[in-house]
Amino acid sequence: MLDKNIKPSVITFNILIDALCKDNRANEAFQILEFMHQKGVEPTAPTYNSLIYGLCIAGQREKATQFFSDIISQGFSPDVITFSILVDALCKDGMAEEANELLELMIETDVVPDTVTYSALIDGYCLKGQMEEALRVFNSMVGRGLKPNVVTFSSFIDGFCKAKRVDEAMILFRDMNAFGLTPNVVTRNILIDGLCKAGRVEVAQQLFEDMQNCGQIPNIITYASLIDGLCCNGCLSEAMELFHKMESTGLNADVVIYNIIIDNMCKAGKLNEAEKLFCSLSTKDLQLNTRIYNIMINGFFHEGMLSHAENLFTEMEEKGFSPDSWTYNILIQGFLKKNDTRKAVEFLKVMDERGFSGDATTASMVVDFLLQNESNHESIGILREFFLK
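Structure below.
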């Protein structure tokens, strides 16, 4: 186009800038903006909105805010999309109060907030557990004649669930019908998870059944939440039934679900079954993680199988999984419980060298050991050094 001396239009530039920003290439998008200036093409609101969005999704919210201030000082009049992008970014950074100030600025400058703007602010307050503030914004939104959408309600339900106010979440869930809204899979997943965490698994199971009856297909997150809820409430056999039902639908369990099941098998004393399931994972197209190794190592220690635990730790490192703080605390606690001070000290040294620290349980066990044992002076010295850090 440029070779033929054809000047690209602002629409062409906007399409290119938007694509770059959505591809997390904001730096290149700003180079295009500079090129626009050189060619005498005046940026428009979509140009600036894409750039601000690109900075925000790249984690450069402060730079986006500064850019916003700069273009306003140059005479740019932001629209509802510009403000909504920044309100959302501020809220995701835990700055709901600042986002609220921006909303007030919108109104002062005669830019009318829409449902997206209000929903972003509501979500921001919900993320901080400030449910009364979220309700205030909701009432303001409805008072302006705007209708909440499914995202608005999902944010509220999530906020109430995390605040352990599940009954209020249930009321909001039922109120969606009054606004002509149908809960989607995300909304139902949030509520199922909240109910499970509140120990109300039977209600969550009913919601799961209702979900399918109204034609919505549960996804991997739905199953993970319900399986976890069943396990945490001592219903391992029901959790396994649900796991097999999930597989029969063609959904493949992810590592999160295997973590949940294997962990609860170990806690229920079904180590052989847990080990068998763990070993089967190598045949599946699944990306394992450090956590699942930690769970199995912990399971072996609980059953007094120290050599199995240590061998699995070695395998874990050989396969490229980096031990974390929990790994070392499991190992140290496991060896201290079995009075294998030499091994405990060995892993204490490694943990310290790798920049990890002991948790409260490890520290307590070290103190107990110091009080009860004085025979091994070398080990005592290292344990004292650990405790004094």
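Numbering follows our numbering, with no gaps: position 179 of the sequence shown is 160. Glycine residues also receive a C-beta, built at the ideal position from the N, C-alpha and C atoms. Values in this document were obtained by computation on a predicted structure and should not be read as measured data.
Closest in alpha carbon position to residue 287, among 337, 316, 309, 303, is 316. With a cutoff of 8 Å on beta-carbon distance, residue 234 and residue 247 are scored as not near each other. One alpha carbon belongs to residue 115, the other to residue 284, and they sit about 48 Å apart. Judged by DSSP in its simplified three-state form, residue 47 adopts helix. A Cβ-Cβ distance of about 6 Å is found for the pair residue 66 and residue 37, placing them in contact under the 8 Å criterion.
When C-beta atoms of the stretch 12 to 24 are compared with those of the stretch 37 to 48, fewer than three pairs fall below 8 Å, so the two segments do not count as touching.
Cβ contact annotation for residue 101 (same chain, cutoff 8 Å, sequence separation greater than five): 65, 68, 69, 72, 80, in chain order. For residue 189, the enclosing alpha helix (DSSP H) stretches over residues 182 to 194.
Rounded to the nearest angstrom, the gap between the Cα atoms of residue 211 and residue 307 is 25 Å. In this structure, residue 217 places its C-beta atom within 8 Å of the C-beta atom of residue 245.
Taking C-beta separations shorter than 7 Å and ignoring five residues to either side along the sequence, the partners of residue 219 in its chain run 211, following chain order. Cα atoms of residue 126 and residue 167: separation of roughly 26 Å, rounded to the nearest angstrom.
Separation of residue 33 and residue 153 (C-alpha to C-alpha, rounded to the nearest whole angstrom) is 33 Å. Boundaries of the alpha helix (DSSP H) harbouring residue 27: 26 to 38, taken from the DSSP string.
Cα atoms of residue 84 and residue 178: separation of roughly 34 Å, rounded to the nearest angstrom. Boundaries of the alpha helix (DSSP H) harbouring residue 327: 322 to 334, taken from the DSSP string. Inclusion of residue 180 and residue 143 in the CB contact set at 8 Å is not warranted, their separation being larger than that value. Here residue 2 is buried, its C-beta having at least 16 other C-beta atoms within 10 Å. Burial check for residue 295: the Cβ neighbour count within 10 Å stays below 16, so the residue is exposed.
The stretch 91 to 173 is shown to contain whole alpha helix (DSSP H) runs of 4 or more residues at 96 to 108, 112 to 124, 131 to 143, 147 to 156, in chain order. DSSP assignment within the stretch 213 to 280 yields the following whole alpha helix (DSSP H) runs of 4 residues or more, N-terminal first: 217 to 229, 236 to 248, 252 to 261. In the structure shown, residue 64 falls within a helical segment according to DSSP collapsed to helix, strand and coil.
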